[in-house]
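Only one structure is covered here, and it is reproduced in the block below.
Numbering (our numbering), first residue to last: 5 to 288.
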């Protein structure tokens with residue numbers, strides 16, 4: 005029985021292999037048939053399309069259009085019009101200002117109220133209330149300038165308060181930038197303007213510390229009265245000079261020449277020469 009079973013199994017395997025091979029051939033033939041059909045359809049479409057010509061025909065030149073009326077180039081004259089046919093009308097408004105073609109307008113110049121101020125670097129105080137920098141000469145507004153040569157009196161004693169006020173004003177500035185309400189370009193004339201150093205009003209500082217007098221009707225009148233009552237600055241006593249070293253004595257010019265011309269004419273002799281005092285005699 006066993007050989008029969010083995011033979012049946014082998015026969016079954018052979019039959020299945022033959023069936024698989026036959027199925028593969030059928031599928032391959034079907035796919036080849038589809039590819040061939042597609043190729044034949046493409047050839048048919050190409051055969052139906054018109055064949056392009058190798059050399060296209062040149063287009064015919066376009067003829068110029070004829071004018072509606074003949075123009076004689078030798079005769080140039082305006083058309084004949086009757087005077088009653090003309091009518092004057094108003095010109096239309098220009099599309100923009102550029103179409104007016106008028107003279108250029110001058111640039112707008114800023115007035116002192118239009119800017120916050122001009123920076124003046126490295127200012128120099130020529131007097132208490134006057135600043136010079138960057139070609140400007142600015143007098144602080146609301147302040148009566150204390151000149152350098154001005155003197156003040158304290159208890160019958162006069163002292164140079166103008167020089168002292170200028171020194172105090174220079175110490176306040178210390179080369180810092182000052183912002184003044186002056187035009188962007190300076191000039192040689194003295195300009196009265198408000199100035200400030202940072203957030204500090206320069207005129208207010210001068211009046212509060214007594215280094216200038218408040219102008220009548222100005223904004224610093226009240227501060228000036230307080231400085232006068234407190235005897236500050238130029239309203240106070242003369243500075244004490246007790247702590248300073250004494251002034252040097254004036255130099256007196258010699259009344260006689262250093263060298264006697266008569267002595268220089270005659271050379272010294274051994275008898276007349278005297279050894280300097282305080283030196284030991286030479287040893288023998």
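Every residue, glycine too, gets a C-beta built ideally from N, C-alpha and C.
All values reported here derive from a predicted model rather than from experimental measurement.
Take residue 150, set aside five residues on each side of it, and the residues of its chain with a beta-carbon closer than 8 Å to its own are 131, 132, 133, 165, 166, 169, 170, 215, 216, 217 and 238, in chain order. Residue pairing by DSSP places residue 158 opposite 161 in a beta bridge.
When DSSP states are grouped into helix, strand and coil, residue 136 belongs to the strand group.
Residue state for residue 183 is assigned as strand, using DSSP reduced to three classes. For residue 123, DSSP records a beta bridge to 183. Annotated as proximal: residue 242 and residue 158, with beta-carbon spacing under 7 Å.
When DSSP states are grouped into helix, strand and coil, residue 204 belongs to the strand group. In the structure shown, the three-state DSSP call for residue 211 is helix. Rounded to whole angstroms, the Cβ separation of residue 186 and residue 140 is 6 Å, and the two are in contact under 8 Å.
Relative to residue 129, the option among 7, 228 and 182 whose CA is nearest is 182.
Distance from the CA atom of residue 208 to the CA atom of residue 199, rounded to whole angstroms, is 10 Å. As the crow flies, the alpha-carbon of residue 126 is around 8 Å from that of residue 178. Distance check between residue 240 and each of 201, 161, 175 and 203 places 161 closest, using alpha-carbon atoms only. Under the three-state reduction of DSSP, residue 217 is assigned to strand. Between residue 148 and residue 231, the C-beta gap is not smaller than 7 Å, which leaves the two residues out of contact. Scanning its chain for C-beta atoms nearer than 6 Å, with the 5 sequence neighbours on each side dropped, one finds around residue 146 the residues 207, 219, 222, 223 and 224, in chain order.
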